[in-house]
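Chains as they are written, first to last, in my numbering: chain A, 1477 to 1801; chain B, 336 to 661. C-beta: ideal position from N, C-alpha, C; glycine also. Keep in mind that this is a model prediction, so the values were computed, not measured.
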């Protein structure tokens, strides 16, 4: 298990390095941030001074090595706009996005798994078909539209939930979170539901396919022959078998939920990383964009690692082979 | 005392290609502690008969006719909730492939304890103790430790023992065993057969042993029923049927077993193939492959005749009746 983990971490380091190359040169292609940073009527001398201050006058490979050198020390540069360290800036906005993604993930499991298992159980009845048809909407409706629709229904018409902003936050271990305050939680429900809708449809479809496959297995028939109730068969025998693909997909999707909550955060004016990214792209705030992308890579790497570890908990067969190496 | 009395059992599969009469008019009965060997080729309906008794036939299959009288109640008419209470409790089943019957992601103790607690309100501790004694009964060494293991940590033979232990947990009146030793190698097979025989004798549990292997039946069963194309064509005490089979199909089955003194000779085989169950011939289903068949066999299906030995037969021209009249 330890060897396996070490090997995975080594792979991750390589992925991170490769990503650094791609991110750095990719951003370099976008444009010169100096054009936006200083006023158009600045003298060539002023421009050159600014270029020198940020190190843009150096050849690109020198710039790259400086970037890697700093990055390895945890320094991804200072925001041109905010003047703060880019990493600090991202870390400041990150908790809001993380808690939103976590609640979204929770909703998608809460909605997707029972619906999918039920749809698989009743796959040739109208209930199963109705759930499947419904999941198509979850897939195909654009995120921003769903968000606006939810605001229209629950905030404007019914007035049950607030529409935009973050609400009260509570400090937990030095991080400001909304999820633990009742008022803050109310602000989270609509954006989290918007984020969850697509994933919930995905989980529904996965759970349905898995359930259909599991239900014809001998172990289900044998459990029936033991007199075990249908509920227990579905939610113990079947569910534990179908959780493996669901955990894999959800793990990857959690990454994308954190990294690309941009649209949802914009619709709900949620002050998270996604909104920071949009603002930074508009001002070509290079260090923040780079830091954001590197952070995203890091999140994906960590999540993949966690997924692999969760596997071993879900599937005893993986545990055994892992333990013997 | 009679435990199970099956009368005119019909289980049909409603497929797109037409109605497949997998089981079409099967009768047999079983006394306490009796072992019935249900023999036939693949597709003869023997497994479907077993699943019909537990009402576990997968759709599009359905029990469409007949009675399954178990201790005075007709299982064919029983509501599903009451049927569930009988399954694993009064009637247990053992499946063919031990690699597939245990849930790979649940520990053995989970799978055994749930079988006890599905039927009785007992503490987890009591259920666990019962599981341990059941595992010990089927010859699993250090059962208390093995309870915490997962199925993949057992060999095929051991898994089948676990499945048998699960079947024994609630002391059922009847166990339906669907080719439980077919997937195992011969030494394990004979061990398990011997153990099951002892267990059935000790507990008075009646046993339906479904198999295609006549050698297994010879050593285990009190009575044998030979199935062909969804019907029992011959039944009787094992010794009588094996020593002097009356139905040409039984003769063919026995003839195709490799035996002593046959070295160098070709094995006898039954000509032709098992019939297409969706399109059976109008008369006797075996007629196209039968060396004694005549026009009557092809036109009219034989009814059941009761033999002197207590056996029953479906044949116009049984072997003991001498040469075929032409």
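Check: Start and end of the alpha helix (DSSP H) containing residue 1663 of chain A?; Outcome: 1658-1691
Check: Which residues in the same chain have their Cβ closer than 7 Å to the Cβ of residue 491 of chain B, if we skip the five residues on either side of it in sequence?; Outcome: 433, 434, 518 and 519
Check: Between A:1777, A:1493, A:1750 and A:1766, which has its C-alpha nearest residue 1561 of chain A's C-alpha?; Outcome: A:1766
Check: Can you check DSSP and say which residues form a bridge with residue 563 of chain B?; Outcome: B:566
Check: Indicate the three-state DSSP secondary structure (helix, strand or coil) for residue 647 of chain B in the structure shown.; Outcome: strand
Check: Quick one: any contact between the segment 379-397 of chain B and the segment 475-486 of chain B, if contact means 3 or more CB pairs under 8 Å?; Outcome: no
Check: From the beta carbon of residue 1702 of chain A, is the nearest beta carbon of chain B less than 7 Å away?; Outcome: yes
Check: How long is the line joining the alpha carbons of residue 341 of chain B and residue 1580 of chain A, rounded to whole angstroms?; Outcome: 56 Å
Check: Cutting at 6 Å between CB atoms, please list the residues of its own chain near residue 427 of chain B, excluding the five before and the five after it.; Outcome: 502, 507 and 510
Check: Let me know if residue 544 of chain B comes out buried or exposed under the rule of 16 or more other beta-carbons within 10 Å of its beta-carbon.; Outcome: buried
Check: Taking the straight line between their C-alpha atoms, what separation do you get for residue 551 of chain B and residue 613 of chain B?; Outcome: 30 Å
Check: Could you work out which residues of chain B lie near residue 1695 of chain A, taking near to mean beta carbons separated by less than 8 Å?; Outcome: 435, 436, 437, 438 and 439
Check: Could you please give me the residues that DSSP links to residue 572 of chain B through a beta bridge?; Outcome: B:558
Check: Between residue 346 of chain B and chain A, is the shortest Cβ-Cβ distance under 7 Å, so that the two count as touching?; Outcome: no
Check: Can you list, in chain order, the residues of its chain whose CB lies under 6 Å from that of residue 628 of chain B, leaving out five sequence neighbours each side?; Outcome: 622
Check: Suppose you measure from the CA of residue 1596 of chain A to the CA of residue 1689 of chain A; what does that come to, to the nearest Å?; Outcome: 9 Å
Check: So if I threshold CB-CB distances at 9 Å, which residues from the segment 367-395 of chain B count as touching chain A?; Outcome: 386, 389, 391, 393 and 394
Check: If you follow the alpha helix (DSSP H) that residue 443 of chain B is in, where does it begin and where does it stop?; Outcome: 443-452
Check: So, using beta-carbon positions, are residue 1544 of chain A and residue 1552 of chain A closer together than 7 Å?; Outcome: no
Check: Using a 10 Å radius around the Cβ and a threshold of 16 neighbouring Cβ atoms, would you call residue 1496 of chain A buried or exposed?; Outcome: buried
Check: Can you pull the chain A residues whose beta carbon is under 8 Å from the beta carbon of residue 430 of chain B, in chain order?; Outcome: 1694, 1697, 1698 and 1701
Check: Check the Cβ-Cβ distances between residue 1716 of chain A and every residue of chain B, and say whether any is below 7 Å.; Outcome: yes
Check: Let me know if residue 1537 of chain A comes out buried or exposed under the rule of 16 or more other beta-carbons within 10 Å of its beta-carbon.; Outcome: exposed
Check: Three Cβ pairs or more, each shorter than 8 Å: is that satisfied between the segment 1734-1742 of chain A and the segment 1713-1726 of chain A?; Outcome: no
Check: Is there a C-beta anywhere in chain B that falls below 7 Å from the one on residue 1568 of chain A?; Outcome: no
Check: Taking a contact to mean a Cβ-Cβ separation below 7 Å, would you say residue 516 of chain B touches residue 526 of chain B in this structure?; Outcome: no
Check: Compare the beta carbon distance of residue 1761 of chain A and residue 1557 of chain A with 7 Å and say whether it is the shorter of the two.; Outcome: yes
Check: Residue 1699 of chain A lies in the alpha helix (DSSP H); which residues open and close that run?; Outcome: 1694-1701
Check: Does the distance from the C-beta atom of residue 1571 of chain A to that of residue 1653 of chain A stay below 7 Å?; Outcome: yes
Check: Among A:1539, A:1777, A:1645 and A:1525, whose alpha-carbon lies nearest the alpha-carbon of residue 1484 of chain A?; Outcome: A:1777
Check: Compute the Euclidean distance between the alpha carbons of residue 1528 of chain A and residue 1721 of chain A, then round it to the nearest angstrom.; Outcome: 52 Å
Check: Leaving aside the five residues before and after residue 405 of chain B along the sequence, list all residues of the same chain whose C-beta is less than 6 Å from its C-beta, in chain order.; Outcome: 339
Check: When we look at the beta-carbon of residue 1746 of chain A and count the other beta-carbons within 10 Å, is it buried (16 or more) or exposed?; Outcome: buried
Check: Pick from A:1641, A:1716 and A:1644: whose alpha carbon is nearest that of residue 438 of chain B?; Outcome: A:1716
Check: Check the Cβ of residue 1708 of chain A against every Cβ in chain B and list those closer than 9 Å, keeping chain order.; Outcome: 449 and 453
Check: Can you tell me whether residue 1615 of chain A is buried or exposed? The criterion is at least 16 other CB atoms within 10 Å of its CB, across all chains shown.; Outcome: exposed
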